[in-house]
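Before any comments, here is the structure.
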Amino acid sequence: MLYFIIDILGIIAFAISGVLVAMDKRLDLFGIFIIAFVTSVGGGTLRDILIGNTPVTWMQEEIYMIVIAVTVLFAILFAKHLHHLRKTLLLFDSIGIGLFTLLGIEKGLTAELSPIMCIALGTITACFGGVIRDILCNEIPVIFRRKEIYATACILGGSSYFLLILLPFDGAYAYIASILIVIVARLLAVRFHLTLPNIYGTRENEA
Amino acid sequence: MLYFIIDILGIIAFAISGVLVAMDKRLDLFGIFIIAFVTSVGGGTLRDILIGNTPVTWMQEEIYMIVIAVTVLFAILFAKHLHHLRKTLLLFDSIGIGLFTLLGIEKGLTAELSPIMCIALGTITACFGGVIRDILCNEIPVIFRRKEIYATACILGGSSYFLLILLPFDGAYAYIASILIVIVARLLAVRFHLTLPNIYGTRENEA
Amino acid sequence: MLYFIIDILGIIAFAISGVLVAMDKRLDLFGIFIIAFVTSVGGGTLRDILIGNTPVTWMQEEIYMIVIAVTVLFAILFAKHLHHLRKTLLLFDSIGIGLFTLLGIEKGLTAELSPIMCIALGTITACFGGVIRDILCNEIPVIFRRKEIYATACILGGSSYFLLILLPFDGAYAYIASILIVIVARLLAVRFHLTLPNIYGTRENEA
Numbered sequence: 113m114l115y116f117i118i119d120i121l122g123i124i125a126f127a128i129s130g131v132l133v134a135m136d137k138r139l140d141l142f143g144i145f146i147i148a149f150v151t152s153v154g155g156g157t158l159r160d161i162l163i164g165n166t167p168v169t170w171m172q173e174e175i176y177m178i179v180i181a182v183t184v185l186f187a188i189l190f191a192k193h194l195h196h197l198r199k200t201l202l203l204f205d206s207i208g209i210g211l212f213t214l215l216g217i218e219k220g221l222t223a224e225l226s227p228i229m230c231i232a233l234g235t236i237t238a239c240f241g242g243v244i245r246d247i248l249c250n251e252i253p254v255i256f257r258r259k260e261i262y263a264t265a266c267i268l269g270g271s272s273y274f275l276l277i278l279l280p281f282d283g284a285y286a287y288i289a290s291i292l293i294v295i296v297a298r299l300l301a302v303r304f305h306l307t308l309p310n311i312y313g314t315r316e317n318e319a
Numbered sequence: 113m114l115y116f117i118i119d120i121l122g123i124i125a126f127a128i129s130g131v132l133v134a135m136d137k138r139l140d141l142f143g144i145f146i147i148a149f150v151t152s153v154g155g156g157t158l159r160d161i162l163i164g165n166t167p168v169t170w171m172q173e174e175i176y177m178i179v180i181a182v183t184v185l186f187a188i189l190f191a192k193h194l195h196h197l198r199k200t201l202l203l204f205d206s207i208g209i210g211l212f213t214l215l216g217i218e219k220g221l222t223a224e225l226s227p228i229m230c231i232a233l234g235t236i237t238a239c240f241g242g243v244i245r246d247i248l249c250n251e252i253p254v255i256f257r258r259k260e261i262y263a264t265a266c267i268l269g270g271s272s273y274f275l276l277i278l279l280p281f282d283g284a285y286a287y288i289a290s291i292l293i294v295i296v297a298r299l300l301a302v303r304f305h306l307t308l309p310n311i312y313g314t315r316e317n318e319a
Numbered sequence: 113m114l115y116f117i118i119d120i121l122g123i124i125a126f127a128i129s130g131v132l133v134a135m136d137k138r139l140d141l142f143g144i145f146i147i148a149f150v151t152s153v154g155g156g157t158l159r160d161i162l163i164g165n166t167p168v169t170w171m172q173e174e175i176y177m178i179v180i181a182v183t184v185l186f187a188i189l190f191a192k193h194l195h196h197l198r199k200t201l202l203l204f205d206s207i208g209i210g211l212f213t214l215l216g217i218e219k220g221l222t223a224e225l226s227p228i229m230c231i232a233l234g235t236i237t238a239c240f241g242g243v244i245r246d247i248l249c250n251e252i253p254v255i256f257r258r259k260e261i262y263a264t265a266c267i268l269g270g271s272s273y274f275l276l277i278l279l280p281f282d283g284a285y286a287y288i289a290s291i292l293i294v295i296v297a298r299l300l301a302v303r304f305h306l307t308l309p310n311i312y313g314t315r316e317n318e319a
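Chains A, B and C, in that order, are what the protein sequence lines are.
Just add 112 to the spot in the first sequence (first one is 1) and you have this note's numbering.
Just add 112 to the spot in the second sequence (first one is 1) and you have this note's numbering.
Just add 112 to the spot in the third sequence (first one is 1) and you have this note's numbering.
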């Protein structure tokens, strides 16, 4: 039940981020809904396709489509006020990528993939909805550009999981701790502007 | 046999629309063929991948590739005259999306998906070839922008199907009536410039 | 063993081409890695998804991810010197598309596809990693634009395979000869600037 609520919070945060990008591009209602939808479930869809888990998850659970549709309506109605929610949305989004990373890892384990591939699958689940959103909006994906770390937080949390399950505790603790590591890493990154090392030299910062 | 002819007409209309966009972007022969190909079969391919219906349909039926290749050759040779065919192409395209919507719904029913998901799958089948075409041509997909309704016609026809099969008639009538609803809705939309409601305020129209 | 070495050489060449494009777009370390990764394995991934060969190949063999990660590190460190390797990289890339074309054909035969579809699958394996790279970098795919032939070399080599296996020789000769045909066709194309016929008239050359 708790997982379900967290899952829905993540879906809502992702959908709102999709609405904001889509409205920025002046898309119509259908376009906004599709962008919100792929932002929310695109990462899990790509994960399902890569491992052959079909029909993909969102086709088997109408709740995702309903939650996203309702979120889109509210987000459009209150678009002007969404910037007041910036911090709340950051929190939801961080919770979302934390949960999605571990959900992806779980699916990878079920598909009998190696730890490295499970971490990759978790990162894809958490991050590639945003990648598809940006491609559909004709932008280079924002997580490929030098901003605060995002995918790296997922990789960090995913790696932690495979270390923590080696400890003599119940696996559920490792699961929850790893979700928290993703969330905290992401929040710290935004708070302290943590980025990956710049490989282009100093003048790049002026560009 | 009738379905087959309609299917081929739709494929031809979609392929021509792909050729026009690709030539506009000055792509070479290979690029034009690929764009025509994805415009025609991309929606069905995405549908097949999402439900795990692999190898995807076009790989099992060479007729699609042959029809598209011939269409591309003719479309390039007679490119200058294609604007005379504008109304014919609109008709073919409308017939195409009508049929493709119901084909997608049929596949969804076979995969035991719910009505909402079947409608989504039908809309993907009809509309996402054009989405992939636009992404490959580095444009924001045209059906996400405020033009005459397109995907909405598919959703309308798809929804009608699930209402009409509740009536005490043969299912085949519901199938054909729903195809016609998509076609008529699309043609009316173009004729009367029907769009989704504008959510951006009046000044937007000047942009 | 020889196949394996050739495969790795191809992966390295593709990964380096990804790094160069990604650095040109000023992506961060994560973005560079993802672009290198999709350039290398994206074609094979699309092939696997289209025929339902899941989990996709790179998820079952960690060697790809490791080779790509190491290549990315070296490519970034020695980015300034990579233009000295232009000819070596062209050779590796040509070897790579030759091998990938035939690997794709092999997978198509295993999936019991027709010769035309096998050739399509081989061409997708060899060429669509670059297509995904370009889409993620917000460019119209370079192989769709009028440059020296690339996909055409794969189609030529793939077609040769299905002619050569009709001859009374061992199939392995046809396999190797076809790889060589792709490589030689591509190298000749670059050397003599062979392109597909220009369909846009002479003034186009000035554009």
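Beta carbons are placed, not taken as given, at the ideal position from N, Cα and C, and that holds for glycine.
What did DSSP end up calling residue i once you bin it into helix, strand or coil?
i         : result
B/Asp-160 : helix
A/Glu-218 : helix
C/Pro-167 : coil
B/Glu-174 : helix
A/Ser-206 : helix
C/Glu-318 : Legend: pLDDT at C/Glu-318 = 43, less than 50; position of this residue unreliable, value from coordinates given subsequently. Looking at C/Glu-318 - three-state DSSP - the assignment turns out to be helix.
A/Phe-116 : helix
A/Asp-136 : helix
C/Leu-189 : helix
A/Leu-225 : coil
Spatial neighbours of residue i within its chain, please: CB distance less than 7 Å, with the 5 preceding and 5 following residues excluded, ordered by chain position.
i         : result
A/Asn-317 : With a pLDDT of only 46 at A/Asn-317, under 50, the local geometry of the prediction cannot be trusted, and no value is derived from it.
B/Leu-299 : Ser-206
B/Ile-147 : Gly-130, Val-133, Ala-134, Leu-139, Arg-245, Leu-248, Cys-249
A/Val-302 : Leu-202, Glu-260
C/Leu-276 : Ala-286, Ala-289, Ser-290
A/His-305 : Glu-260
B/Gly-122 : Phe-204, Ile-207, Gly-208, Leu-211, Phe-212
C/Val-179 : Ile-120, Ile-123, Ile-124
A/Ile-295 : Ser-206, Ile-207, Gly-210
C/Val-168 : Thr-157, Asp-160, Ile-161
A/Cys-266 : Ile-209, Thr-213, Gly-234, Thr-235, Ala-238, Cys-239, Val-294
A/Ile-118 : Ile-207, Leu-211
C/Lys-137 : Cys-249
A/Ala-319 : With a pLDDT of 41 at A/Ala-319, under the threshold of 50, the modelled position of this residue cannot be trusted, and the question is left open.
Give every residue of the same chain whose Cβ lies closer than 6 Å to the Cβ of residue i, excluding the five residues on either side of it in the sequence, and list them in chain order.
i         : result
C/Glu-173 : none
B/Gly-216 : Arg-159, Leu-233, Gly-234, Thr-237
B/Ala-223 : Ile-163
B/Phe-149 : Ile-180
Can the beta-carbon of residue i be found closer than 7 Å to that of residue j?
i         : j         : result
A/Leu-201 : A/Ala-125 : yes
A/Ile-127 : A/Ser-152 : In the sequence as displayed, the identity of residue 127 of chain A is Ala instead of Ile. Going by C-beta atoms, A/Ala-127 is nearer than 7 Å to A/Ser-152.
B/Gly-143 : B/Gly-241 : no
A/Ile-293 : A/Gly-270 : no
A/Thr-166 : B/Ile-231 : no
C/Thr-183 : C/Arg-258 : no
C/Met-177 : A/Leu-225 : no
C/Phe-281 : C/Pro-227 : no
A/Ile-161 : C/Ile-161 : yes
Residues in the same chain with beta-carbon distance under 8 Å from residue i, minus the five sequence neighbours each way, listed in chain order, please.
i         : result
A/Ala-263 : Thr-235, Ala-238, Cys-239, Ile-255
A/Met-229 : Gly-220
B/Ala-181 : Phe-145
B/Ala-297 : Ile-261, Thr-264, Ala-265, Leu-268, Gly-269
A/Ala-191 : Val-131, Leu-132, Met-135
Kindly provide the ranges of any alpha helix (DSSP H) runs that are 4 or more residues long and lie completely inside the segment 233-313 of chain C, ordered along the chain. Fully enclosed alpha helix (DSSP H) runs of 4 or longer: 263-276, 283-303.
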